[in-house]
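Residue numbers for the sequence shown follow the working numbering, beginning at 430 and rising by one. Positions of the beta carbon are idealized from the N, C-alpha and C atoms, including for glycine. Model, not experiment: these values are computed from the prediction. Data first, discussion second: the structure below is written as structure tokens.
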Amino acid sequence: MAVGSSPLEDLVTVPSALDHFYRGKRVLITGHTGFKGGWLSLWLKSLGAEVWGYGLPAPTEPALYSLVRAHCFQGEQEGDVTHLDALQSALENSRPHVLFHLGAQPLVRKSYAEPLQTFQANAIGTATVLEAVRLNRCATQVVVVTTDKCYENVGKAEGYRETDPLGGHDVYSSSKAAAELAVQSWRRCFFQTDPALGGVATARGGNVMGGGDYAQDRLVPDAIRSLMAGEPIPVRNPAATRPWQHVLDCLSGYLWLGAQLARSEKTSPIHGAFNFGPNPEENKPVQEVIEGILKLWPGQWNNLSVPGAPHEASKLNLSISKASSLLGWKPVWPFQTTLEKTVHWYHARHQRMDSDQAMLSFTLEQIASFEASARQQGLAWASEEAV
Ligand SMILES: NC(=O)c1ccc[n+]([C@@H]2O[C@H](COP(=O)([O-])OP(=O)(O)OC[C@H]3O[C@@H](n4cnc5c(N)ncnc54)[C@H](O)[C@@H]3O)[C@@H](O)[C@H]2O)c1
């Protein structure tokens, strides 16, 4: 992490390979007003990047975005990812070296209420972002964020690999599988053949947690809301296992993938799909997450599983061997640390009522602590060697 202004100036650590790559680079993030977008913007700013944002207003109130906004952005544009002209103008303004496409409708249950809007935002939105890059003849490296749910879930115990068939029972999942297919076509037909264009890769992450997520129908934000209200946590699917990880673990994969795209040939497998999940032993049932949270913030939970509720896969694991062998990436924070960092964040914000300024510093300290753990573990992205 390098230095910037105000609270960013207080944190001076050893520059990492990510610092070397992103310092001075222009980076455009779609979905910068969201949960992951907020963390990614702040981390990139702390690495010394010039950060630009494109997307709809923050999807929640409160939002992490309102904490980080004043510190992060060189420029922002409100717009829909299905609007080609607006995207083209955002590209003209920002002329990004790297583009992270996160803007999407990210909730499975909402995709039952709004299937068409979900499919449009996620599948057509991704195609529109790629088309805007193609038409503008941008040399940007593009990282498209999809999900672990893009695989056809056949209930297998071992982790899904990048070569497994795409699919999706619900519209959220199939819209992300469709986004994957769009990337594959735009890559083969345009990005690989046009020397004016950069590279494109997709990132399939698991269920992330971390401070500042306020989405509805997500386990951790739902749990925190119940704890704040002094009510039992309603749990729909306690036995379902998910690949839980801290948002910073997932983002370290996105950031490192963006840097590696820039230094690899377009024919390299780096220009492909990558899973970024936890180590296999970290796939935990929902009940264990809830009980872990309650050890850190005491309260109660209720089992609300009902027959006939909208389908949600009961088992979902990711193989991370491709990211490990090709990128030298692996997860940094184990499950218990992930839970602690997450619950401490919400506790500082909503029990201790820390100010915006204090929370910004707190969030930056979590980023610095994550980087320090990664360096201790010898991860390539955290090393002092330039990319
Ligand atoms: N949070 C997770 O556990 C998780 C897991 C896997 C993948 N993802 C993916 O990561 C990305 C970010 O997710 P998040 O958790 O930060 O969600 P979020 O809801 O907090 O943020 C979504 C962002 O996209 C923007 N957006 C939504 N629809 C848009 C549209 N039509 N046009 C432009 N912008 C639009 C929102 O304004 C917001 O900035 C999504 O692509 C999501 O599918 C998230």
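(message) Using 8 Å for Cβ pairs, my map puts L485 next to V562. What's the rounded Cβ distance?
(response) At roughly 20 Å, the Cβ-Cβ gap does not stay under 8 Å, so L485 and V562 are not in contact.
(request) Please report how far the alpha carbon of E569 lies from the alpha carbon of A446, in whole angstroms. (result) For clarity, residue 569 is Thr in the given sequence; the question names Glu instead. Between T569 and A446, the C-alpha separation is close to 19 Å.
(request) Say yes only if the C-beta of L545 is nearer than 8 Å to one or more non-hydrogen atoms of ligand 1, and no if none qualify. (result) Look at L545: its beta carbon is at least 8 Å from all of the heavy atoms in ligand 1.
(message) Could you give the first and the last residue of the continuous alpha helix (DSSP H) run that contains I858?
(response) The requested residue 858 is not part of the displayed model; the chain covers only 430 to 816.
(request) Using a threshold of 9 Å, state whether the C-beta atoms of V715 and T670 are closer than that. (result) Yes, Cβ-Cβ distance for V715 and T670 is below 9 Å.
(request) Using beta-carbon positions only, say whether H700 and R590 come within less than 9 Å of one another. (result) Cβ atoms of H700 and R590: not closer than 9 Å.
(request) Please state if the CB of L536 and the CB of A644 are separated by a distance shorter than 9 Å. (result) If you check the CB distance, A644 and L536 come in under 9 Å.
(message) For a test of your reading of the model: does the CB of A550 fall under 8 Å from any non-hydrogen atom of ligand 1? Yes or no.
(response) Yes - ligand 1 has a heavy atom lying nearer than 8 Å to the Cβ of A550.
(request) To the nearest angstrom, report how far apart E614 and Y541 are at their CA atoms. (result) A small correction: the amino acid at residue 614 is Ser; Glu does not occupy that position in the sequence shown. So the alpha carbons of these two residues sit roughly 27 Å apart.
(message) For a cutoff of 9 Å on Cβ pairs, would you count S784 as touching chain B?
(response) In the structure shown, chain B cannot be found, because there is only a single protein chain.
(message) Taking the straight line between their C-alpha atoms, what separation do you get for R781 and P709?
(response) Cα to Cα, R781 sits roughly 35 Å from P709.
(request) Just tell me which of T592, R452, E490, A499 has its CA closest to the CA of P525. (result) Taking only the C-alpha atoms, the option nearest P525 is R452.
(request) Could you tell me which residues DSSP pairs with Y541 in its beta bridges? (result) Residue pairing by DSSP leaves Y541 without any beta bridge partner.
(message) Less than 8 Å separating the Cβ of Q506 from some heavy atom of ligand 1?
(response) In terms of side-chain proximity, the C-beta atom of Q506 is found no nearer than 8 Å to any non-hydrogen atom of ligand 1.
(message) So, at 7 Å on beta carbons, what are the nonlocal neighbours of T564 in its own chain, with the 5 sequence-adjacent residues on each side left out?
(response) The amino acid at residue 564 is misidentified as Thr; the sequence shows Leu. Around L564: Q517.
(request) Grab the span of the alpha helix (DSSP H) containing G682 for me, first residue to last. (result) 676-691 is the span of the alpha helix (DSSP H), which, as asked, contains G682.
(request) Look at the Cβ atom of W468, then the Cβ atom of L677, and state whether they are nearer than 9 Å. (result) Yes. Within cutoff.
(message) Measuring only the C-alpha atoms, how far is G508 from H776?
(response) The alpha-carbon separation between G508 and H776 amounts to approximately 33 Å.
(request) Please report how far the alpha carbon of E794 lies from the alpha carbon of A688, in whole angstroms. (result) Going by the C-alpha atoms only, they are around 23 Å apart.
(message) Considering Cα atoms alone, identify which of P707, S784, V772 is closest to W726.
(response) Checked all of P707, S784, V772; the closest Cα to W726 is V772.
(request) Locate the beta strand (DSSP E) running through R633, then write down its first and last residues. (result) Taken as a continuous stretch (DSSP letters only), the beta strand (DSSP E) holding R633 covers 629-634.
(request) Entirely within the region 594-628 and at least 4 residues each: give me those alpha helix (DSSP H) ranges in chain order. (result) The region 594-628 contains, as complete alpha helix (DSSP H) runs of 4+ residues, the segments 600-615 (chain order).
(request) Reducing DSSP to helix, strand and coil, say where N731 ends up. (result) When secondary structure is reduced to three states using DSSP, N731 falls in the strand class.
(request) Could you tell me if A499 is buried or exposed, where buried requires 16 or more neighbouring beta carbons within 10 angstroms of its beta carbon? (result) When all chains shown are included, A499 counts as exposed.
(request) Closer than 6 Å by C-beta to N826: which residues in its own chain qualify, once you throw out the five before and the five after it? Chain order, please. (result) Not covered by the structure: residue 826. The range shown for the chain is 430 to 816.
(request) Just tell me which of D577, S693, N712, G682 has its CA closest to the CA of A668. (result) The shortest Cα separation from A668 among D577, S693, N712, G682 belongs to N712.
(message) Assuming contact is defined by CB atoms lying nearer than 9 Å, are V573 and V456 in contact in what I supplied?
(response) No; because the gap between Cβ atoms is not below 9 Å, this pair is not in contact.
(request) Report the three-state DSSP secondary structure of V480 (helix, strand or coil). (result) If DSSP states are grouped into helix, strand and coil, V480 belongs with the strands.
(request) Confirm, please, whether the CB-CB distance from R665 to S734 is below 9 Å. (result) Contact: yes.
(message) I need the DSSP call for K713, collapsed to helix, strand or coil.
(response) In the three-state reduction of the DSSP assignment, K713 falls in the strand class.
(request) Can you grab the Cα-Cα spacing for the pair K724 / L656, in whole Å? (result) For K724 and L656, the gap between their C-alpha atoms comes out near 12 Å.
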